[in-house]
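For the sequence shown, my numbering assigns the number 3 to the initial residue and increments by one for each residue that follows.
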Amino acid sequence: MKNFISVQDAGDINSLVRKALAYKADPFKDRSLGAGKRIGLLFLNPSLRTRLSTQVAAANLGMDPIVFNVDKEGWALEFEEGAIMSGNTVEHVKDAAPILGQYFDILCIRTFPSLKNRDDDYSEMYIKQFMQYAGVPVISLESATLHPLQSLTDVITITEHRLQTGTMAKRPKVVLTWAPHVKALPQCVANSFSQWINAWGEADFVITHPEDYHLAKAYTDGATITHNQAEALEGADYVYVKNWSTFRDYGKIYENDPAWMLTEESLRGTNNAKVMHCLPVRRNVELSDEVLDSQNSLVTRQAGNRVWAAQAVISELLSNH
Ligand code: CP
3 MKNFISVQDA GDINSLVRKA LAYKADPFKD RSLGAGKRIG LLFLNPSLRT
53 RLSTQVAAAN LGMDPIVFNV DKEGWALEFE EGAIMSGNTV EHVKDAAPIL
103 GQYFDILCIR TFPSLKNRDD DYSEMYIKQF MQYAGVPVIS LESATLHPLQ
153 SLTDVITITE HRLQTGTMAK RPKVVLTWAP HVKALPQCVA NSFSQWINAW
203 GEADFVITHP EDYHLAKAYT DGATITHNQA EALEGADYVY VKNWSTFRDY
253 GKIYENDPAW MLTEESLRGT NNAKVMHCLP VRRNVELSDE VLDSQNSLVT
303 RQAGNRVWAA QAVISELLSN H
């Protein structure tokens, strides 16, 4: 592994999942691996889980994590090649990234999309420029289009649950369902979850959403797609709930029908499905209290597993460099 930006960097997914679960069983077993090394966590957006779980993971490996909230504490960065910097941006990424590469052994970046220009967002200009100019391995803490540490966590959580319930021999039905929301959100988590479940290949994968909310085909190819949520949920073992804004007419909220909120009633036709969400969640908008607070919810365990996903990835990068 050279960087960790998408599923393509993961190599053998099950091997990475096993590595993460081994860290969960024994968090400090590789404490000397990162001794004397620093990891920089750059945030251009808010975060609770990604920020703290990655810090804990790095510390478990003996690394010194340093967080920098670029949006609040740093100079406004310019990413445009050849920009005449007479406006609000103060420092070009070409100048900042190589310096960060001298301070840190691994650089982690979180950026969100603008949701204004699809081509710009889907070109992943921000994270690609950090990769180009930093000269050290880069980990995505969520980019404009993908959230690979979240998706690795999601596969870890499904695998762990299957191991604990003795259901490894059964091919699970995994459903990604769109849910209503009050804000236009990125497609990152849904894109990334689709990309990872398809690449993992160990589940029957169904995506359900209202007609206007198609995701990019590059991520969903291999999944069954339906606009009928009840039909999608039939016999499901794992239901992943997530809102995303429109991809075609980019970054908009079209239909926002509250009937798409996941409730106990919507879970009736499932195989006693376990429910997942990346968090933060809008209670009683995306998911009802009764589901989130029920035995069927895996969301707290899922968020806890963010540590082990990050630890497995940082460990891989440390071992390869
Ligand atoms: N799931 C997730 O990325 O959470 P944060 O936005 O809190 O980091």
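Just so it is clear, CB atoms sit at the ideal spot from N, CA and C, and this is done for glycine as well. Every value quoted in this text rests on a predicted model; they were computed, and no experiment measured them.
Can you tell me where the beta strand (DSSP E) with residue i in it begins and where it stops?
{"i": "Ile141", "result": "140-142"}
{"i": "Met278", "result": "276-278"}
{"i": "Lys175", "result": "175-180"}
{"i": "Pro67", "result": "66-71"}
{"i": "Arg112", "result": "108-112"}
{"i": "Leu333", "result": "With the chain running from 3 to 323 in the structure shown, residue 333 is simply not present."}
{"i": "Tyr105", "result": "Careful: Tyr105 lies outside any beta strand (DSSP E), inside the alpha helix (DSSP H) at 95-105."}
{"i": "Tyr240", "result": "240-244"}
{"i": "Thr228", "result": "226-228"}
Any heavy atom of the ligand CP inside 8 Å of the beta-carbon of residue i?
{"i": "Gln313", "result": "no"}
{"i": "Cys280", "result": "yes"}
{"i": "Leu46", "result": "no"}
{"i": "Gln166", "result": "no"}
{"i": "Leu50", "result": "yes"}
{"i": "Ala205", "result": "no"}
{"i": "Arg284", "result": "no"}
{"i": "Ala305", "result": "yes"}
{"i": "Arg173", "result": "no"}
{"i": "His94", "result": "no"}
{"i": "Gln152", "result": "yes"}
{"i": "Arg120", "result": "no"}
{"i": "Arg53", "result": "yes"}
{"i": "Arg308", "result": "yes"}
{"i": "Glu144", "result": "yes"}
{"i": "His149", "result": "yes"}
{"i": "Val191", "result": "yes"}
Note the first and the last residue of the continuous alpha helix (DSSP H) segment covering residue i.
{"i": "Thr169", "result": "First-last for Thr169: undefined, no H or E at that position."}
{"i": "Thr147", "result": "That residue, Thr147, is in no alpha helix (DSSP H); it is neither H nor E in DSSP."}
{"i": "Thr56", "result": "51-62"}
{"i": "Ile15", "result": "15-27"}
{"i": "Val309", "result": "308-322"}
{"i": "Lys219", "result": "219-222"}
When the distance is taken between beta carbons, is residue j closer than 9 Å to residue i?
{"i": "Ile15", "j": "Ile141", "result": "no"}
{"i": "Lys31", "j": "Glu318", "result": "no"}
{"i": "Tyr135", "j": "Ala146", "result": "no"}
{"i": "Lys175", "j": "Asn273", "result": "yes"}
{"i": "Leu50", "j": "Val72", "result": "no"}
{"i": "Val301", "j": "Val287", "result": "no"}
{"i": "Ser247", "j": "Tyr221", "result": "no"}
{"i": "Leu294", "j": "Leu269", "result": "no"}
{"i": "Ile160", "j": "Trp310", "result": "no"}
{"i": "Ile7", "j": "Gly42", "result": "no"}
{"i": "Val39", "j": "Gly64", "result": "The sequence given here places Lys at residue 39; Val does not occur at that position. Cβ distance < 9 Å, so Lys39 and Gly64 count as in contact."}
Do residue i and the ligand ZN come close, with the Cβ less than 8 Å from some heavy atom?
{"i": "Val72", "result": "In the structure on display, the ligand ZN does not appear, and the ligands it does have are the ligand CP."}
Return helix, strand or coil for residue i, following the three-state DSSP convention.
{"i": "His163", "result": "helix"}
{"i": "Asp206", "result": "strand"}
{"i": "Tyr252", "result": "coil"}
{"i": "Tyr155", "result": "Note that residue 155 is Thr in the sequence shown, not Tyr. Looking at Thr155 - three-state DSSP - the assignment turns out to be helix."}
{"i": "Arg284", "result": "coil"}
{"i": "Phe132", "result": "helix"}
{"i": "Glu126", "result": "coil"}
{"i": "Phe6", "result": "strand"}
{"i": "Ser196", "result": "helix"}
{"i": "Glu236", "result": "coil"}
{"i": "Thr272", "result": "coil"}
{"i": "Leu117", "result": "coil"}
{"i": "Leu294", "result": "helix"}
{"i": "Glu75", "result": "helix"}
{"i": "Glu80", "result": "strand"}
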